[in-house]
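This report refers to the structure that appears directly beneath it.
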């Protein structure tokens, strides 16, 4: 039988890991240039034998979940904006679909 203290300690560690993941995503959103330099986070899976969440940690778990959902929405918006910017840049580089300039020698 596990001691209640180790059960709570395991949950605190699991929430710390989730909190760190969300903080990393929030930092990436705030500083988009670091996205190129950092690897993508691995999906979180609960450690084996974690047990049920202690009731006193539920507010923290709920707050982390809310932050995860907000970060997900912000990432989706940032990705969409990035795609729009890339499409616009491609059009600018190609001259909005116009034919490239053609030079005609009128001296002939």
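Residue numbers (the numbering used here): 788 to 895. The beta-carbon is built from N, C-alpha and C at its ideal position, and this holds for glycine as well. None of the values given here were measured: they were computed from a predicted structure.
query: Among residues of its own chain, excluding the 5 on either side of residue 844, which ones have a beta-carbon nearer than 8 Å to its beta-carbon?
result: Apart from sequence neighbours up to five positions away, the residues of its chain that approach residue 844 with a beta-carbon distance below 8 Å are 795, 798, 799, 802, ordered along the chain.
message: So residue 862 and residue 812 are supposed to be a Cβ contact under 8 Å. How far apart are they, rounded?
response: The pair is a contact, with the Cβ atoms about 7 Å apart (cut-off 8 Å).
With 16 other Cβ atoms within 10 Å as the buried cut-off, status of residue 858: Under a 10 Å Cβ-count criterion, residue 858 is classified as buried, with 16 or more other Cβ atoms of the shown protein chains found around its own Cβ.
query: How about residue 840 and residue 848: are their beta carbons less than 8 Å apart?
result: Cβ atoms of residue 840 and residue 848: closer than 8 Å.
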